[in-house]
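Undergrad: Following this message is one structure expressed as structure tokens.
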Amino acid sequence: MSIAKKEMLMELIASLDSSEKRFFTRHTNRTASANSDKFYRLFRHLSNGGTLEDPGLQKLLDLSGPTQLVNIQRHLYGQILDALRLQHRRRDPGVQVREQIDYANLLYDRGLYLHALKILARAKELAFSFHLDLHHLLIIDFEKTIESRHITRSSTERMTSLTSESRKRQEVMSSTVRQSNLQLTLQRHFIEHGHVSTPREARNFYALYHHYFSDPVPATATYKERVLGHQCRFWYHYNQLQLDQAKVHTASWTDIIEARSELRERDANFYIKGMDRRLLVAFLLGDAEDHRSIYARLQEFLSHTQGTRQQRNSEIMAEIVLFRAELNQLLLDLPGTCAPAQLREIGKRIGAVVGVDRHKQLVLYYKLAVLCVLNGERQLALDYLEPVLNERSTLRYDLMVYARLLQLWCHYRLGHTEFVDYGVNNLARYLGRIGYRSPYPSLILQLLRGLLRSEEAVARANFAERVAPLRENVFHLRELRYLNVDQLK
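Numbering of the sequence shown is given in the working numbering, commencing with residue 1385 and proceeding in unit increments.
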């Protein structure tokens, strides 16, 4: 097992819980070899907090040369993965099916092709039950290979059935691949361009969507085809801020998964992501009750989910989704009733978030800063905006722009007029340089200029008049939801 970086071994060992470490120890003892003592000593050294740079490591492992350590690392990495596969295979039908296919290959290579067919039949049942379409297609292809090369005493109906089944799986795979490609294409379009905002963009977006996909998903579609179909249609409507339609498809997405509890348990991420989209739509619609109901349902599901370290992705995703939903619920309910201690506690929890993309953590800091301003805690808001404003990696323009606008508002309310005067001009130049499409940030800057000139009544009246058309335009709904100046204190 080759590994690209030594950090990968450190990260893998750090991800193990105590039961997995005990299982690895037993697995090593059962499969002891001449080199097992060295790689197990390295495992104990690293799991107890040691590093690969420790000067005493060469003596501990009795190394004969610098390349031997690299070989031991590679071997240890592979042994840990073998142990994890053995320990968690009963929880993952995909691993079980692949294991059965491997056994069938071994039997076939020994000339026991009838034995292989029996194992493949069991594996195919499992693949069909859990909608493992690719595995299913591989099994059918293997069965066809055996039937075409050997005398198996099968009837001609068996061969016809295999041909028909193969054609059906091919159609299903073609459909799921096409829809998963479309889902990624629509998601990438949103990341790169944001929401559709002009008739021309809408026409291009319509053409992009229908190049890959035709509505509706047929009634005979498989579980995965139906879920992917609703995913695609969610992104199609969400990118155009057609939130009522997006709401319908996120509900269908999660309802289909809820109807198959065994599949929901197997791939919790699929369900959590759907609930996250439902929460997002409810927040943008300003529907506090619907958001609260969805939030409670997700909490209920996660409280009864048997967590294991093997499901680390699900745990990390659930943590960030619940955290964002908690902040959004506070923003939807009574945002001006949070105590300073409560806000600081949330800040500590955000700082402790690990294992997620940095951008997601910074969005949490921004939402907390907005919540602080709504509660009159402007200095505290500036503290939580600092990680966003000091981030050196590339951020989405909208997050940076609205973080800077909120910073200027806080400084204005704190009486730091010189800073605000400089910051307004600096941000105006930045908006021009990046070609920011929405006029909303510029209107906020004009409001701040008027407030600096002590023309508050006139400035607010002009701002209200110019913002009114934006409030009627659905394409400005998202930014008004994330920074509503009328609510700021």
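Glycine is no exception: its CB is placed at the ideal position from the N, C-alpha and C atoms.
Just checking, does the segment 1794 to 1803 make contact with the segment 1820 to 1828 on the three C-beta pairs under 8 Å criterion?
TA: no
Undergrad: For the alpha helix (DSSP H) that Gln-1745 lies in, which residues bound it at each end?
TA: From DSSP, the alpha helix (DSSP H) with Gln-1745 extends over 1742 to 1758.
Undergrad: In terms of residue numbering, what span does the alpha helix (DSSP H) encompassing Arg-1506 cover?
TA: 1497 to 1513
Undergrad: With a threshold of 8 Å on Cβ separation, who are the neighbours of Arg-1428 within its own chain once the five nearest residues in sequence on each side are excluded?
TA: So no residue of the chain qualifies.
Undergrad: What do you get for Asn-1857, buried or exposed, if any count of 16 or more other CB atoms within 10 angstroms of its CB means buried?
TA: exposed
Undergrad: State buried or exposed for Arg-1587, treating a residue as buried only when at least 16 other CB atoms are found within 10 Å of its CB.
TA: exposed
Undergrad: If the criterion is Cβ atoms closer than 9 Å, does the pair Ala-1369 and Val-1481 meet it?
TA: The shown model of the chain, from 1385 to 1873, leaves out residue 1369, and the question about it has no answer.
Undergrad: Report yes if the CB atom of Lys-1657 is closer than 9 Å to the CB atom of His-1515, and no otherwise.
TA: Not closer than 9 Å, so no.
Undergrad: Going by DSSP, what residue range makes up the alpha helix (DSSP H) through Thr-1638?
TA: 1627 to 1642
Undergrad: Tell me, please, whether the segment 1812 to 1820 touches the segment 1855 to 1869 by the rule of three or more beta-carbon pairs shorter than 8 Å.
TA: Between the segment 1812 to 1820 and the segment 1855 to 1869 there are fewer than three C-beta pairs closer than 8 Å, too few to call the two in contact.
Undergrad: Are the Cβ atoms of Trp-1637 and Arg-1661 separated by less than 9 Å?
TA: yes
Undergrad: Mapping the DSSP letters down to three states, classify Asn-1432 as helix, strand or coil.
TA: coil
Undergrad: Excluding the 5 residues flanking Leu-1683 on each side, which residues of the same chain have their C-beta closer than 8 Å to its C-beta?
TA: For clarity, residue 1683 is Gln in the given sequence; the question names Leu instead. The answer, listed in chain order, is Leu-1706.
Undergrad: Using the beta-carbon count (16 or more within 10 Å), is Leu-1400 buried or exposed?
TA: So Leu-1400 ends up on the buried side.
Undergrad: Compare the beta carbon distance of Ala-1709 and Tyr-1750 with 9 Å and say whether it is the shorter of the two.
TA: No, the Cβ-Cβ distance between Ala-1709 and Tyr-1750 is not below 9 Å.
Undergrad: Between the Cα of Glu-1699 and those of Arg-1742, Ala-1652 and Ile-1734, spot the shortest distance and give me the residue it belongs to.
TA: Minimum Cα distance to Glu-1699 is reached at Ala-1652.
Undergrad: Between the Cα of Arg-1584 and the Cα atoms of Gln-1624, Thr-1604, Leu-1546 and Thr-1606, which residue gives the shortest distance?
TA: Gln-1624
Undergrad: Between the segment 1523 to 1532 and the segment 1550 to 1570, can you find at least three pairs of beta-carbon atoms closer than 8 Å?
TA: Touching, yes, given that three or more Cβ pairs across the two stretches are closer than 8 Å.
Undergrad: Can you tell me whether Met-1392 is buried or exposed, with buried defined as 16 or more other CB within 10 angstroms of its CB?
TA: exposed
Undergrad: Counting Cβ pairs closer than 8 Å, one from the segment 1469 to 1484 and one from the segment 1430 to 1443, do we hit at least three?
TA: no
Undergrad: Leaving aside the five residues before and after Asp-1870 along the sequence, list all residues of the same chain whose C-beta is less than 6 Å from its C-beta, in chain order.
TA: none
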